[in-house]
Amino acid sequence: MSSKRPLAEAAAAAFDRLPGVETQFDTDSEPVKGVILGVVVAVVVGLTVVPLVFLLWTSVWSGYPGEFGARFTLENFRAVYLEGFFPVVELVANSLIVAVGMTGTGLVFGLGAAWLFVRTNLPTKGEMELVLLSCQTIPGYVYAIMYVTTYGADNGILATAVREAFGLASLPVDIFNPWAIAFIAGINVVPTFYLLTVPALQDMDPALEEVSRIHGASVRETVRSVTFPLIKPAILSGSIVIFLYGMGEFAVVSILGVRNGFDVYSTTIFTAIKGRFPAAYGQAAALACSLLLMMLVFVWYYRKVTSRKEDFMTLTGRRHNARVWDLGRWRWPLAAGIWALLLVVWVVPIVALVVTSLHVNWYGEVDLSQLTLAHYVTVLTDPQLRKAFVNSLLVAGGGATLGTVLVIGMAYYTERTKARLRGFVDFLSLTPLAVPGIITGAGLLFTFLWVGKIHPLLDWYGTLAIIIVGSVMVFLPMSSRIAVGNIVQIHDDLEEAARVAGASWLQGMREVFLPLFRNTAVVLWFFLAMHIVQLLSIPMMTYTSKTIVIPVKLFELYTYGSDITLVAAISSLFILLTVVFLIGLRLTGITFYELGQQ
């Protein structure tokens, strides 16, 4: 008989004898526990605080990062904010356009979909939801390339067809103008806004809606005066999260905007460091500080909103089988309209991307004589592209593994101990939400340019390790919420029972806690791997020729090359790769929808 069996039986017996009180243990009572969780805390602090410290240091340093002979100065701030080194006012305005456009698009489409799918008898809403959530696997820069191949004024397949059908010299709609860029970036976050608001609609007590119906209110009146006020905290928090993403948006703007002179904070910081010689490290860091300050204001407001949820508390905490709204004769016309919208916004661009990739050269029209698979052969055989794919898989696997271990340890520390720093650590896990990926990448770059001078073992610049670390930082808020949301469902009496049965903390973790948490760990790993393999901002700031990954390669080919067909082929395979990750996640029995509930 194995050692696990007696321990499990003893733990079960001990569990029956436990008093019905909640128990948590100090890290001091178990030296091993203290060491392990202490390392976790140190890593979280290192990941979230240290890069920002070196970013601030670089902003007030007269020399390059790592140049210890320089001095402290405010010259970088004077150059940026007083001498016009960067067009700061224009950057603020452009960033606000993108953030407002993204938030508005996400609010209208995401919240609208949530209400229609949850509160009405809309036909085929399950299939619509599947299409909507599947699009979450497509990264922003691929979205932008999809729209170029579909609606681009020069060679977009639909744009060309419309122009020729109506004999137009040009189209009135331009996907490269600022508000169109904001809309396309917003379409990319619609699934996210949907997931942030749909739980509130499902958990909402329908009694007030029923009262509104009894008194003869229409659907519109009830939604405006009852439903949306009840879920106001979810709407506000979702809007703020998307707005924060918008202020730091890089992927879509870098593809659609930079070529046409439309820059935002993130693209300007990137260009100052990677596209200028000599690199303007100090000025870029000084510019990043003002964006950080603005983001912190919105994070403060976000915390204020979420801390006042009791002011709107009419939710019961459980799902209700409430009668949904009957759309009547509008059911099928509305469903047809939504399907048409899904086709135009998501399905047709994906098809256009694939069609473009199958042509030798692309001129905006399907030409059967030009059909070929040569670009896919190139993707699979070209040494540089192969290296980029291998690096992407290594970064995804390494980042997912490191991130899973880290967030499990951090969630355990914040939810299972009485340590004084647990609230601070939980706060730190959310701080990357206020730091755009480009600034995180810049902070990491500065960090390792500084510490790399101290000892060769600390010189991570030019390695995949720096990309892995940065990727874990970016997705720390989302992954930590998943871990915390699941760890609180495992009652700590089970671990106490193991301790009463004579198990050490390490044995209890290995034989009680981790087996119960295994499914969540698998979900976390797939979740992180799928998102890390898509990430552009961190690799763009930290890569070298030896550590290039597929997102960076796509960006370079589109920005500096002229072969849109090869870019389309890589993008198509990249979508296929993310779909494989999605299938892997679903094979574990967890869907994106369920991730949104945690």
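So the mapping is simple: my numbering equals the position in the sequence shown, first residue as 1, plus 37. Each residue gets a CB set at the ideal place from its N, CA and C atoms; glycine is no exception. Quick caveat: nothing in here was measured; it's all calculated off a predicted structure.
Nearest-angstrom Cα separation, counted from residue j out to residue i
i: A411; j: L238; result: 49 Å
i: Q635; j: S517; result: With a pLDDT of 36 at Q635, under the threshold of 50, the modelled position of this residue cannot be trusted, and the question is left open.
i: A566; j: L572; result: 10 Å
i: V616; j: I585; result: 22 Å
i: G354; j: I519; result: Confidence is the limiting factor: at G354 the pLDDT is only 44, short of 50, which leaves the residue's position unreliable and the question unanswerable from this model.
i: T110; j: W94; result: 10 Å
i: M139; j: T234; result: 16 Å
i: T187; j: L390; result: 7 Å
i: D300; j: P552; result: 49 Å
i: I224; j: A181; result: 10 Å
i: L465; j: S274; result: 18 Å
i: K424; j: Y118; result: 41 Å
i: E347; j: L378; result: Bear in mind that a pLDDT of 48 at E347, under 50, signals an unreliable position, so the model cannot answer this.
i: K583; j: G499; result: 7 Å
i: I620; j: V427; result: 20 Å
i: L352; j: P236; result: Here L352 scores only 42 on pLDDT, less than 50, and its place in the model is too uncertain to base an answer on.
i: A456; j: M515; result: 23 Å
i: V58; j: Y339; result: Unreliable positioning characterises V58 in this predicted model, as indicated by a pLDDT of 39, which lies under 50. A coordinate reading is not provided.
i: T85; j: T438; result: 18 Å
i: A202; j: L395; result: 24 Å
i: L195; j: A206; result: 14 Å
i: P124; j: Q320; result: 12 Å
i: F611; j: R257; result: 42 Å
i: S39; j: A534; result: Residue placement at S39 is poorly supported in this model, since its pLDDT is 45, which falls under 50; the coordinates still yield a value, given next. Taking the straight line from one Cα to the other gives about 19 Å.
i: Q61; j: E120; result: Note that Q61 scores 45 on pLDDT, short of 50, meaning its location in the model is unreliable and no value can be drawn from it.
i: S508; j: G436; result: 7 Å
i: V82; j: V462; result: 8 Å
Limits of the alpha helix (DSSP H) - the one that residue i falls within
i: L128; result: V125 to T142
i: D419; result: Per DSSP, D419 belongs to no alpha helix (DSSP H) and is neither H nor E.
i: K490; result: Run containing K490: none; DSSP gives neither H nor E here.
i: A107; result: A107 -> no alpha helix (DSSP H), and no H or E assigned at all.
i: L195; result: I194 to F203
i: P588; result: I587 to Y597
i: P270; result: K269 to M284
i: Y178; result: G177 to Y188
i: Y498; result: Where Y498 is concerned, there is no enclosing alpha helix (DSSP H), given that its DSSP letter is neither H nor E.
i: Y302; result: Y302 to K311
i: S394; result: V385 to S394
Three-state class that DSSP yields for residue i in the structure shown
i: W98; result: strand
i: T454; result: strand
i: D63; result: Note that D63 scores 48 on pLDDT, short of 50, meaning its location in the model is unreliable; the coordinates nonetheless yield the value given after this. Three-state DSSP puts D63 in coil, outside helix and strand.
i: L482; result: helix
i: W362; result: strand
i: T584; result: coil
i: L408; result: strand
i: T157; result: strand
i: G149; result: helix
i: A325; result: helix
i: W367; result: helix
i: P315; result: coil
i: V58; result: Residue placement at V58 is poorly supported in this model, since its pLDDT is 39, which falls under 50; the coordinates still yield a value, given next. Looking at V58 - three-state DSSP - the assignment turns out to be coil, as it is neither helix nor strand.
Beta carbon of residue i nearer than 8 Å to that of residue j
i: F564; j: I445; result: no
i: L89; j: G480; result: yes
i: I306; j: L324; result: yes
i: F483; j: L92; result: yes
i: L431; j: L513; result: no
i: L364; j: L614; result: no
i: N192; j: I607; result: no
i: L328; j: P473; result: yes
i: A322; j: N113; result: yes
i: F280; j: I272; result: no
i: L603; j: T415; result: yes
i: V78; j: L458; result: yes
i: V226; j: Y282; result: yes
i: S406; j: V570; result: no
i: S99; j: A107; result: yes
i: F485; j: I503; result: yes
Stretch pair the segment 283-298 + the segment 69-83: three plus CB contacts closer than 8 Å: The segment 283-298 vs the segment 69-83: no contact.
Touching by the beta-carbon criterion (3+ pairs, under 8 Å), the segment 148-157 and the segment 127-138: The segment 148-157 is not in contact with the segment 127-138.
Segment contact, 8 Å Cβ cut-off, at least three pairs: the segment 371-384 with the segment 573-592: Short answer: they don't touch.
contact_flag[the segment 213-228, the segment 268-286] where n(CB pairs < 8 Å) is 3 or more: Taking a contact to require three or more Cβ pairs closer than 8 Å, the segment 213-228 and the segment 268-286 qualify as touching.
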